[in-house]
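Scroll down for the structure; my scribbles are underneath it.
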Amino acid sequence: MNSGAGRIPSPPSPPPLPPAKRCNTVLRLYDAPLYRDWAAWTTAFMAVMTAFAIGTSEDPRGMPAWLDTSLATITFTVLFGVLPTWVRLWIRRRRWRTRDGGQRPVGRASLPPVQEVLAPVQEMQSPAREAEPRPRPRRAEPQPRKAEPPAAGSDRVAAVSQVMTHARQTVPHPVARAIRALQQADTPRDQYEAMLDAAESLALTACVTAAALLHKPGTDSGLGVLSTLRSAYLGAGTTFGTWTVGLDQVCATVTTAGHPRLLPAEFSSGVAGMVEDLKALKGERNRTAHGDKPLSQPEAALRVAECREFLERALGAAQFLEELPWLCVATCDYRQRTRTFQVVARNATGDHPVFERQTYEWDQPVAADAFYLLAPEGRVPLSPFATYTFCPQCRQTETCYASRVLKRESQATVKSFSRGHEIPVPELGDEIRALPARR
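The numbering of the sequence shown is my numbering, which starts it at 2 and goes up by one.
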């Protein structure tokens, strides 16, 4: 019996794959292999035809035949062979940059995969063998996630969030804006900087509000805080420490005999309850200013956790600011029939940069684009402590606070709460110099 009977003849081997076309590998201009590149054929054709045409020409020449032929061959080859090839290279590079993320096609990218070509051959070599189904690996069914027990400080964190959310809607805009920036900070370092900014904005707002309430021309009420601010304005400028020292002076003024009812009772108790926490946050700002900044994200997160309690307590004690909203006057029109003034003012409360407009009827005129406190006893001007000034850098009007007064000049420098841009304001320096000073 023939041993070869019943044996399936082996199929012929697949045809060899054509050589891969490698772009711009010869002299960085031509594709390899050269016989598959039209640019290489064009260059060679121009060189041969030019040499043949010029070399066999019988026209009179002004130079030797060999030099004339060489120069003509080089010129025509470069113009009609190399230059188009370079243009093709430039176009390819532009396509590579804009297609597939700038990845250059190399090797056999344009050919079908080898596995797809050889797959029918493997099937022909073993036709009698039936395809055995491979057992699929069983995927573990997802287990229901167990509810983790609440952390020990979760109630405290929720309370902090409620305090901040409430403050964003009810306190003056400089503080609410800073709290919004704190809640929107992503990284611990950003949260750390935003927390210190929010603390300084709170101290600043409480201090200038108290100074405006105590500023009564012709009296010595509030001499301590007003003289402190005046010295800072006329000196190196205001800092976080200026506001905490001013709040200390407010507490001292309230407890001094002979000055009853200088401030509302809620205001006095609120300042007394927040000043120590703000001093702790001021110490953290000084620590950062002297080079002891958080060097890593975990360290920044630890400092945020340490300082968060101080800011929470200070915000809780600052509820008195809700009863003293800031109003920025938009228009003031006199009504002849009622002999009153119809005032349209922007309510600078909450974190929204666009203030809601409200209409009032007052018996006294007020200045446009100026801030006023809506106190129980009436309107109290916030100038020169806070202004509504156009910022040339932001190209819009910003809520600002007085920072310093230039020597021997009538203008003062204010800073915007949002970005800290410095803006000169004419004649504000004279108003600051008119504040009472200690003798």
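We put the CB at the ideal spot given by N, CA and C, even for glycine. Bear in mind the structure is a predicted one, so any value in this text is a computation, not a measurement.
Check	Outcome
When you compare the CB positions of residue 86 and residue 48, do they come within less than 7 Å of one another, or not?	no
Quick check: residue 358 and residue 367, are their CB atoms within less than 7 Å of each other?	no
Quick one: is residue 244 buried, meaning 16 or more other Cβ sit within 10 Å of its Cβ, or exposed?	buried
Taking the runs of the alpha helix (DSSP H) that are 4 residues or longer, which of them lie wholly in the segment 255-308?	266-290
The alpha helix (DSSP H) with residue 175 in it runs from where to where?	174-185
Buried or exposed: residue 174, going by 16 or more other Cβ atoms within 10 Å of its Cβ?	buried
Return the Cβ separation of residue 56 and residue 45 in integer angstroms, given the expectation that the two are a contact with Cβ distance under 8 Å.	Wrong, their Cβ atoms sit about 16 Å apart, outside the cutoff.
Please state if the CB of residue 183 and the CB of residue 200 are separated by a distance shorter than 7 Å.	no
Where does residue 386 land, buried or exposed, given buried means 16+ other C-beta within 10 angstroms?	buried
Just to confirm my understanding: we take residue 428, look at its own chain, exclude 5 residues before and 5 after, and list those with CB closer than 8 Å. What are they?	411, 412
Taking the alpha carbon of residue 285 as the point to measure from, which residue in 165, 395, 242 has its own alpha carbon closest?	242
Could you tell me which residues DSSP puts in a beta bridge with residue 356?	None, per the DSSP bridge assignment.
I'd like to confirm the pairing. Which residues does DSSP put opposite residue 397 in its beta bridges?	392
Residue 406: which of 96, 210, 235 sits nearest, CA to CA?	235
Work out the CA separation of residue 98 and residue 390 for me, nearest whole Å.	48 Å
Determine the direct distance from the alpha carbon of residue 95 to that of residue 328, and round the result to whole angstroms.	58 Å
Please report the straight-line C-alpha distance between residue 64 and residue 53, rounded to a whole angstrom.	17 Å
Could you check where the beta strand (DSSP E) with residue 432 kicks off and where it finishes?	No beta strand (DSSP E) holds residue 432; the alpha helix (DSSP H) holding it covers 429-434.
How far does the alpha helix (DSSP H) with residue 193 in it extend, from its first residue to its last?	189-215
Give the DSSP bridge partners of residue 42, in chain order.	In DSSP, residue 42 forms no bridge with anything.
Hey, how far is the Cα of residue 102 from the Cα of residue 90?	Note that residue 102 scores a pLDDT of 49, beneath 50, so its modelled location is shaky; the value from the coordinates is reported in the next line. Rounded to the nearest angstrom, the two C-alpha atoms are 18 Å apart.
Please report the straight-line C-alpha distance between residue 377 and residue 297, rounded to a whole angstrom.	48 Å
For residue 343, which beta-bridge partners are listed by DSSP?	334, 362
For residue 382, does the three-state DSSP call read helix, strand or coil?	strand
Determine the DSSP secondary structure at residue 1, reduced to helix, strand or coil.	Beyond the ends of the chain as shown, which are 2 and 440, falls residue 1; an answer cannot be given.
Provide the residue span of the beta strand (DSSP E) that contains residue 372, from first to last.	372-376
With respect to the beta strand (DSSP E) encompassing residue 234, which residues constitute its N-terminal and C-terminal limits?	That residue, residue 234, is in no beta strand (DSSP E); its alpha helix (DSSP H) goes 224-235.
According to DSSP, simplified to helix, strand and coil, what is residue 326?	coil
Quick one: is residue 216 buried, meaning 16 or more other Cβ sit within 10 Å of its Cβ, or exposed?	buried
Taking the DSSP output, what are the residues bridged to residue 348?	328, 357
I'd like the span of the alpha helix (DSSP H) that includes residue 88, first residue to last.	84-99
How far does the beta strand (DSSP E) with residue 26 in it reach, from first residue to last?	23-27
What did DSSP end up calling residue 425 once you bin it into helix, strand or coil?	strand
Reducing DSSP to helix, strand and coil, say where residue 314 ends up.	helix
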